[in-house]
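Taking it in order: structure first as structure tokens, then the write-up.
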Amino acid sequence: MRFDGRVALVTGGSRGIGRAIVESLAAEGAKVAFVYASNASAAEELVKSIESSGGTVLGIQADVRKKADADRAVDQVVETFGKIDILVNNAGIVRDTLVATMPEEKWRDVIETNLNSVYNFCHAVMRPMMSARYGRIVNMSSVAARMSNQGQAAYAASKGGIESFTKCLAVEVAKRGITVNAVAPGFIVTDMTEAVRSAAEDKILKEIPTKRLGQTSDIANAVLFLADEKTSYITGDVITVDGGLTLGGL
Ligand code: NAP
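Just so we're aligned, residue 104 is where the sequence shown starts under the numbering used here, counting upward by one.
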């Protein structure tokens, strides 16, 4: 299989897009560890589901905002599976609020969960990936990074930061056989978009040329492409997966 012998770690892997990435990597032969925050029942259900299909999986409770948790999670993956080939920084939150009324804690929570986490985990995998002279890192951005949605200043800033970080790290590690890329999803059907979808699905669909919302498998496909050993000549790039939402056509 495509990912036989590979070891992957996916943050925010218990639900939504992360879960689809975990399931796809496991179905393609990878040993997959995933990090979740607090939803232990979703994590346990995912572990059972993958193990019952013959896959190898490890669920790790950790707070991606904390550097010590990232270091512990990466150590646990290396101790359990012997190495780490693929890191998918997927965990993220939205806390939409206008800047004028945004309390400092909300700003910090979004930046720490979405952006600082990417540093936390990338830094933690540097040593094992550099000594193996191999790695595939995929960071989850969003089309929000280049849109100007009201109430999304913190979220957009975190995702714009991820894209800039991705390009700089890509250059730093290119000679070590490590690629670093990002995926920017549009509107995907997950818990995160439930409220927006129930309030304005028809309006959103009008803006999407392909006339459908994205599925988690649409994002998993792009992540697996970037995580593939054969994808060795794409680095520092951002793949947009949005059904044409950001093309701006009439
Ligand atoms: P989701 O369904 O809300 O799932 C979020 C995942 O992140 C869960 O597994 C959650 O764990 C985990 N998580 C949140 N905070 C964490 C923390 N502090 N430490 C560890 N894990 C944490 O989200 P999603 O829609 O799949 O989104 C996944 C990624 O795609 C995010 O980065 C998001 O910004 C990005 N994205 C999504 C969309 C979309 O339309 N859905 C569009 C563009 C970009 P628990 O289960 O324990 O809560």
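From the three backbone atoms N, C-alpha and C, an ideal C-beta is built for every residue, glycine too.
Report yes if the CB atom of residue i is closer than 8 Å to the CB atom of residue j, and no otherwise.
i, j, result
"ARG168", "GLU215", "yes"
"PHE137", "VAL110", "no"
"ALA325", "VAL344", "yes"
"ALA273", "THR338", "yes"
With H, G and I counted as helix, E and B as strand and the rest as coil, what does DSSP make of residue i?
i, result
"MET243", "strand"
"GLY352", "coil"
"LYS134", "strand"
"ASN324", "helix"
"ILE307", "helix"
"LEU201", "coil"
"ALA171", "helix"
"GLY121", "helix"
"ASN192", "strand"
"GLY238", "strand"
"GLN164", "strand"
Report yes if the C-beta of residue i is less than 7 Å from at least one heavy atom of the ligand NAP; otherwise report no.
i, result
"VAL221", "no"
"PHE290", "yes"
"ALA323", "no"
"VAL138", "yes"
"ASN252", "no"
"MET232", "no"
"ALA50", "One cannot answer for residue 50 here, as it falls past the ends of the chain, which runs 104 to 353."
"ALA176", "no"
"ARG168", "yes"
"ALA165", "yes"
"SER127", "no"
For chain C, is any of its Cβ atoms less than 8 Å away from the one on residue i?
i, result
"ASN217", "Among the chains of the structure shown, chain C does not appear; only one protein chain is present."
Exercise. For the region 205-213 and the region 137-153, state whether three or more C-beta atom pairs, one from each stretch, are separated by less than 8 Å.
Key: no
Exercise. Tell me, please, whether the region 280-289 touches the region 223-242 by the rule of three or more beta-carbon pairs shorter than 8 Å.
Key: yes
Self-check item: Validate contact between the region 114-123 and the region 306-316 using beta carbons, cut 8 Å, 3 pairs
Solution: no
Practice problem: Specify whether the region 224-231 and the region 171-186 touch according to this definition: at least 3 beta carbon pairs, one from each stretch, less than 8 Å apart. | Solution: yes
Self-check item: Cβ contact (3+ pairs, closer than 8 Å) linking the region 293-311 and the region 254-274
Solution: no
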